[in-house]
Structure formats: C-alpha cells, structure tokens
Amino acid sequence: MLTIDRAIIDAIVAHARRDHPDEACGVVAGAIGSDVPRRHIPMDNAARSMTFYEFDSMEHLRVWREMDDLDEEPVVIYHSHTATEAYPSRTDISFAGEPNAHYLLVSTREPDSEEIRSFRIVDGVVTEEEVNIVDATVKA
Amino acid sequence: MAIEVRVPTILRSYTGGAKIVEGAGDTLIELIDDLDAKHNGLKSRLITAEGGLHRFVNIYVNDEDVRFLGALDAKLKDGDSITILPAVAGGALGFAAAAALMGK
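Residue numbers (the UniProt record's numbering), protein chains in the order written: chain A, 1 to 140; chain B, 1 to 104.
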C-alpha cells in the first residue's frame with residue numbers, strides 16, 4: 001500500500017493537468033527505508049510528448065545527488081497518461097528501474113476527474129497496490 | 001588508478017550490495033571491463049549485445065552525461081567519479097516506438 005499526503009497528490013494532479021496533453025513526470029522523495037513520500041519534485045519531461053516521458057539526464061543526476069545528500073530515496077515515481085487509463089504500459093514496465101519505488105500513474109483523459117493508481121514493478125512483474133490518501137502532515 | 005563508481009539499487013546484486021565500488025581504466029569501456037571482472041555480469045546490464053550503451057541506463061563522468069563525452073570511449077582519469085542511474089522513462093507509447101524515439 002502507498003500512503004501519501006493529500007497535499008502531495010493535489011500537487012501531482014496539478015502538475016499533470018498543467019502539462020496535459022503532454023505526459024508529466026516526477027518524484028516524491030522520502031527518507032531511505034521510511035516508505036514515506038515527503039518531498040514532491042516535479043521533473044521536466046525531456047521528451048515533451050503526449051505518449052512518452054523521459055527525465056532530462058542532467059536534472060535526473062542533480063535530483064538523485066540531492067536525495068543522496070539528504071539520505072533520501074525516490075519513494076514515488078509518477079507520470080501521467082493523458083489519453084489512456086492509469087495502468088503501466090509495456091514501455092513503463094520495460095523501463096522501471098527502481099525496485100523500491102511506488103510507480104504512481106495519473107490519468108488525465110477525463111477533464112473533470114483523475115484516475116490515480118499505484119504499482120510495484122519488479123523484474124517486469126506489475127503488482128497493483130492500494131493508494132491511501134491521508135490529510136496534511138507535510139507541505140507539498 | 002582508482003575511479004569511484006556509484007552503483008544504483010537495481011545493480012547492487014552484482015556488487016554484493018555495495019553502493020560504491022572502485023575500478024580502473026583509461027576509458028569508460030576499460031573501466032566497465034575491469035568492473036565486470038570483479039562483479040561478473042555487470043557489463044551486460046550496461047552494454048547491449050551490439051556493443052553500445054544500453055538505453056535503460058545513464059552513466060555520468062563527474063557531472064557530465066557520457067553520451068556527450070564520447071560514450072564508451074569517454075576518457076577517464078584518476079579521481080574521476082562515475083555515477084550509474086537507471087533511466088526514468090516510459091509512457092503510453094508502444095515500447096518499440098519509444099525505444100526508437102530515445103534513439104539510444
């Protein structure tokens with residue numbers, strides 16, 4: 001199960017809406033081993049595509065170093081699908097390289113509501129998990 | 001000649017769990033061969049069967065992406081720090097098209 005603060009979910013949804021119809025992507029960092037996502041980091045989609053996302057390689061390095069310095073890890077890696085459901089595509093599964101992360105997908109295909117789902121992706125195996133949205137313990 | 005290499009979580013099964021390992025080489029490919037001798041199988045996760053850098057991985061020399069430094073021929077020197085990160089990418093697009101788009 002992914003437990004995540006409502007303020008962070010709201011910020012992720014706002015990011016996905018802002019970049020729609022392009023896919024949006026980012027990270028929520030948390031203390032290593034805590035499994036608690038605390039720090040929302042919206043990333044650039046270097047592909048600027050409606051059907052593909054890719055972290056900019058230099059931003060990726062900078063953000064991962066920053067997490068390292070703060071004893072954090074990527075607890076959540078998120079992206080949006082803008083015309084399809086919030087379920088990992090074959091591409092998502094092939095590229096999933098952080099076995100400890102929750103892969104959060106937001107679908108913005110409906111203008112008035114978002115589908116938000118979370119998955120573990122380890123060695124090509126996708127396991128959906130519950131998303132438990134809790135109120136206000138951190139700032140997004 | 002010692003070069004520090006930061007290993008991502010997903011590849012630590014090759015390094016006995018170590019986050020940082022040391023290697024040697026005048027170029028990136030020499031370093032990878034040296035690492036593979038000590039951590040058998042690591043090379044296959046970084047380099048494709050065709051001998052190019054794997055599109056799933058980013059490798060940095062200090063603060064530069066090696067793709068801008070000559071890729072596998074990137075020159076290394078004592079004291080350099082190498083960082084390996086799994087690329088973060090995906091999306092609704094089909095896999096073959098995505099791979100072609102990345103051009104890696």
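Virtual Cβ for every residue (Gly too), placed ideally from N, Cα, C.
Predicted model only: the values in this text are computed from it and were never measured.
Length of the line joining the Cα atoms of residue i and residue j
i: G30(A); j: S81(B); result: 25 Å
i: E22(B); j: R18(A); result: 43 Å
i: L70(A); j: P99(A); result: 20 Å
i: E85(A); j: H79(A); result: 12 Å
i: F95(A); j: Y53(A); result: 11 Å
i: L105(A); j: P88(A); result: 8 Å
i: D78(B); j: D33(B); result: 17 Å
i: K19(B); j: V131(A); result: 30 Å
i: E4(B); j: L28(B); result: 12 Å
i: T3(A); j: E129(A); result: 10 Å
i: L46(B); j: R65(A); result: 20 Å
i: I8(A); j: E59(A); result: 20 Å
i: M67(A); j: E73(A); result: 6 Å
Environment of residue i [buried if 16+ CB atoms lie within 10 Å]
i: V125(A); result: exposed
i: residue 111(B); result: Any question about residue 111(B) goes unanswered here, given that chain B covers just 1 to 104.
i: G91(B); result: buried
i: F68(B); result: exposed
i: A24(A); result: buried
i: N58(B); result: buried
i: G97(A); result: buried
i: G26(A); result: buried
9 Å Cβ cut-off: residues of chain A touching residue i
i: A87(B); result: E54, F55, S57, H60, F95, G97
Residues that residue i contacts on chain A, provided the C-beta gap is smaller than 7 Å
i: D80(B); result: Correct list: empty, because the minimum Cβ distance to chain A is about 15 Å.
Interface residues of chain B facing residue i [CB-CB closer than 7 Å]
i: G51(A); result: Note on identity: in this sequence residue 51(A) is Thr, with Gly being the wrong assignment. The answer, in chain order, is G91, A92, L93.
Amino acids of chain B, ordered along the chain, whose beta-carbon sits closer than 8 Å to that of residue i
i: E23(A); result: G91, A92
beta-carbon residue i near the ligand GTP non-hydrogen atom, thresh 6 Å
i: L105(A); result: Ligands are entirely absent from the displayed structure, and the ligand GTP is therefore not among its contents.
Do the segment 107 to 119 of chain A and the segment 36 to 44 of chain A meet, that is, are 3 or more Cβ pairs less than 8 Å apart? no
Near-chain A residues of the segment 9 to 31 of chain B (beta-carbon distance less than 8 Å), N- to C-terminal order: T9, I10
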